[in-house]
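Notes follow the structure.
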Amino acid sequence: RIARNDLERRIRTGTGVRDFKGRCCGAPDTPVPGEDDDIAARLLREYTKPSALRDMAGTIMEQATELFVRVQQRGKTDGMS
13 RIARNDLERR IRTGTGVRDF KGRCCGAPDT PVPGEDDDIA ARLLREYTKP SALRDMAGTI
73 MEQATELFVR VQQRGKTDGM S
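With this note's numbering, you'll find the sequence shown wraps up at 93, consecutive numbering, no jumps.
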């Protein structure tokens, strides 16, 4: 929950997180489900649901492994063990 709140704060400090909410002619006056959500809320919901996180886990682990290997190699070239 703390990580999600941090992610939301970071997204919302950017620009362009609000959609145009104007109605077109013939559109119903009653609210449509999800209409009050802005872009940031939809992105957070889409990318933090359990299935999306499971799908990203493999890629994240590969990137973390590559980063760790680079740090290890840099340590060796700098004379650290």
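C-beta atoms are modelled at their ideal positions from N, C-alpha and C, and glycine is treated no differently.
Predicted, not measured: the structure shown is a model, and the values here were computed from it.
- If you check the CB distance, Arg57 and Asp49 come in under 9 Å.
- According to the DSSP assignment, Met68 belongs to the alpha helix (DSSP H) that extends over 62-89.
- Contact check for Ala52 against Ile72 fails: the beta carbons are separated by 9 Å or more.
- Contact check for Arg16 against Thr60 passes: the beta carbons are separated by less than 9 Å.
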